[in-house]
Amino acid sequence: MSRFLPLSLIALLLFFFQVQSFGQLVSPPKWTIQLAEKDLKVGQEAEIVLKASIPMNWYIYSNDFDENAGPVLTTLSLEGSKGISVKEKLSPINPKKKFDKVWEADITYFSGIGEFRQKITITEPNVEIKGVVEYQMCSDVTGQCILYEEDFTIKATAVSDEPAAANATTTQEPTVAPDSATQESTVATQPNEADSARKEDRTVVTLDPEEGKGGLIGFMFVAFLAGLAALLTPCVFPMIPMTVTFFTGRAKSRAVGIRNAFIYGLSIIAIYTIAGTAVAAIQGPEFANWLSTHWVPNVFFFLVFIVFAMAFLGMFELTLPSGFVNKIDAKSDKGGLTGVFFMAFTLVLVSFSCTGPIVGSILIKSAGGDFITPIAGMFAFSLAFAIPFTLFAIFPEWLNSLPKSGGWLNSVKVVLGFLELALAFKFLSVADQVYHWGILDRDIYLAIWIVIFGLLGFYLLGKIRLPHDSKMEHIGVPRLMLAIVTFVFVVYMIPGLWGAPLKALSGYLPPMSSHDFNLLENRATGTSESNTLDEVPKYADFLHFPHGIQGYFDYKQALVAAKKQGKPLFIDFTGHGCVNCREMEARVWSDPQVLQRLKNDFVMVALYIDERHPLPESEWYTSTYDGKVKSTIGKQNADFQITRFNNNAQPYYVILDHNEELLVKPKAYDTNIQNFVNFLEEAKAEFGRR
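Following this note's numbering, the numbering of the sequence shown begins with 22 at its first residue and continues without gaps.
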């Protein structure tokens, strides 16, 4: 019995965890809504300030970009308000901006804290502001998008002649009496989440949607690898013996020598990190937004990368003024810690012609990020750069095991030049997409990369010689293996010229919509004969499925069709503004083994939760969840998802039998194709057993 009890408890905990993860609702942002002015007068202009504390790893869309781009814009409705007139429209305060590759448009958003302001004019002494904020919250970490709305009421008193204290409260129920002590109160969350939302302690962070899963750590890892690569350049590698010579015999004892070596390494890290801090200090949110989307900086970065690439390929050398370098070098001859520091400074300056392009690339890459990114990037780069020098300063006997300098160092430099040249076109591509120049479509971009990496492969085989290259009688095995990897990459890219999706490169390539020559399009979107409809779907004139899938957009109509055809009912809870819904369709649904099953084995219904198309008043109803009237297609679909499946995030996939019972556990965002195939197969097998 004593052994059985712990096992029972473990089983119970596992069951509880599964239930929680199965249908847990995501808590909405916590809103604070108030009037900016404490004293109100009739006839004066005032502002409603709306602030959202957004959960970590989530963001909400702003309202100052094209409403036809795709995402749902934040809106504020003040219908039913008294004593005010509305001036202008809802204004976002310093939202972030980026070019979204999925929507192929500029979008603005908030993460951490979001703020909007609405200008109004006070027209009567008794003010009652009734408002509804509608917005969409998304996460690139969980792959979900959720529509929310927040109701609020502000009551205040204004005077006609002399200033008087305005009594105002924010509450969710219009019948609540105003609080004479304060004007501000936090808007309540939806009823089922109110208690947990009030008690939840949210950490407010600034997270860019593009960073998603561990973006800063990944960036630091790449910067660390760049630091290791810099060690193998002709400007840096020969400095290692010089470092050993500098430290050998200078220290009075072994302990002092080790101390000096560590000071040397820390000085290198400090010099590079200070440079990153300077870049971070220059950057503000507006500057970062401008830097990441405007054509001027992107074209400038493109040209900078081209210059760096030409320097690495041997066209010219990037050097600092010799007088400045000589002065710093002279200071390194001084004894003590000052000499150690200036020796580190000399290393940084002398190696600039090789490390400059790499360091510049790191700073450019981080230029559109937050305050931490350039500092972290430079720290990671300098850490990799400093560790070997520090170790060789401590253990000079290791020097005998190093390979001798030679032509291989220049080859490393040339390979980096080819990589710089390829990455340069990413910046030009961003400007091209934002401003619709049409000069760097997907197929042209791929052709450029195929040529660049093809030439790199021939260079590694010794078929191409550049300035400063020594003549090779033969190539080593490591160089041959690198050439093979390069040519494999080239072969992988070639089908992309005819429309292959190249999913591994989706983050670097222009969107498929810019591809001019797509032979695979008809094959990918062809309609299967088995994928037929019993009747014309409701709302099919403005709602559609991807990849030629035939389906419905009304749950009741689809359920009738599923019973008639004897197939399971596949429900796709989706949204027009759901980025990850589009990604699932592009990366998972497009796969032949998934697409064939969706077309032939299920009756499909797509329920758009952000569709604003109004329904006839006879179809309206009041939700049992939040007590609000649901009058549009989207609101009814969202309410159905919450009340029926206790979930409010998209994408969300549910498969039912004819009794409207679950066949398998619903599935959310998951780009693993085999997992999705297993999900479909398990549902089919369970349907056959019922």
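Even glycine gets a Cβ: it sits at the ideal position worked out from N, Cα and C.
Just so we're clear, the structure is a prediction, and the values are computed from it rather than from any experiment.
For the candidate residues the options, whose alpha-carbon lies nearest to that of residue i?
| i | options | result |
| --- | --- | --- |
| V63 | E88, S106, F86 | S106 |
| Y130 | V123, V498, G459, I114 | I114 |
| G569 | A582, I279, L554 | L554 |
| A582 | V154, H679, A291 | H679 |
| S98 | E68, V154, V123 | V154 |
| G517 | Y480, I469, G497, L503 | I469 |
| R463 | K447, L477, G475 | K447 |
| E145 | A57, A126, S102, D127 | S102 |
| I292 | I279, A282, V328, F362 | F362 |
| L318 | L449, Y674, F479 | Sequence check: residue 318 is Pro here, not Leu. Comparing Cα positions, the closest option is L449. |
| K492 | P499, N431, V472 | N431 |
| T394 | K59, V557, V243 | V243 |
| L564 | H634, D490, E58 | H634 |
| T359 | M331, L287, I396, T298 | L287 |
| A73 | A90, P116, E109 | P116 |
Just the C-alpha distance for residue i and residue j, rounded to the nearest angstrom, thanks.
| i | j | result |
| --- | --- | --- |
| G587 | F708 | 10 angstroms |
| I630 | W641 | 16 angstroms |
| S403 | I238 | 15 angstroms |
| T190 | K176 | A caution first: T190 carries a pLDDT of 45, below 50, which makes its placement in the model unreliable, though a value can still be read off. Looking at the two C-alpha atoms, the distance is approximately 6 angstroms. |
| F591 | Q157 | 24 angstroms |
| V93 | I81 | 9 angstroms |
| A704 | N696 | 12 angstroms |
| F245 | F173 | 50 angstroms |
| P672 | P687 | 11 angstroms |
| G104 | T294 | 56 angstroms |
| Y285 | F400 | 15 angstroms |
| V626 | G596 | 13 angstroms |
| V161 | A67 | Sequence check: residue 161 is Asp here, not Val. Cα to Cα, the separation comes out at about 37 angstroms. |
| T507 | F474 | 7 angstroms |
| N667 | L580 | 20 angstroms |
| I327 | W458 | 20 angstroms |
| T645 | A57 | 35 angstroms |
| Y690 | A607 | 13 angstroms |
| E149 | I54 | 14 angstroms |
| T210 | K651 | Interpretation of T210 is limited by its pLDDT of 35, a score under 50 that renders its predicted location unreliable; no figure is taken from the coordinates. |
Taking the beta strand (DSSP E) that residue i belongs to, which residues open and close that run?
| i | result |
| --- | --- |
| M158 | 147-160 |
| K51 | 51-56 |
| F566 | Unbroken run through F566: none, as it is neither H nor E. |
| T507 | It is not in any beta strand (DSSP E) - T507 instead sits in the alpha helix (DSSP H) that spans 498-514. |
| Q165 | 165-178 |
What is the residue span of the alpha helix (DSSP H) that residue i lies within?
| i | result |
| --- | --- |
| P409 | 393-415 |
| Q571 | No alpha helix (DSSP H) contains Q571, which DSSP labels as neither H nor E. |
| M605 | 600-605 |
| Y674 | Taken as a continuous stretch (DSSP letters only), Y674 belongs to no alpha helix (DSSP H), being part of the beta strand (DSSP E) at 673-677. |
| G478 | 463-481 |
Output yes or no for whether 8 angstroms exceeds the beta carbon distance between residue i and residue j.
| i | j | result |
| --- | --- | --- |
| L701 | R618 | yes |
| I654 | E638 | no |
| F137 | L61 | no |
| I663 | N669 | yes |
| K559 | Q571 | no |
| V609 | V600 | no |
| L628 | D593 | yes |
| A445 | F323 | yes |
| N84 | T96 | yes |
| L252 | P49 | no |
| I465 | A365 | no |
| I75 | I128 | no |
| V511 | G483 | no |
| V435 | F283 | no |
Is it buried or exposed for residue i, if we count other Cβ within 10 angstroms and need 16 for buried?
| i | result |
| --- | --- |
| G152 | buried |
| R486 | exposed |
| G398 | buried |
| I167 | buried |
| L249 | exposed |
| Q65 | exposed |
| A706 | exposed |
| K51 | buried |
| D453 | buried |
| D575 | buried |
| N693 | exposed |
| D660 | buried |
| A299 | exposed |
| G276 | In the sequence as displayed, the identity of residue 276 is Ala instead of Gly. That one is exposed. |
Quick one: does residue i have its CB under 8 angstroms from some CB of chain B?
| i | result |
| --- | --- |
| K588 | The chain inventory of the structure shown lacks chain B, comprising one protein chain alone. |
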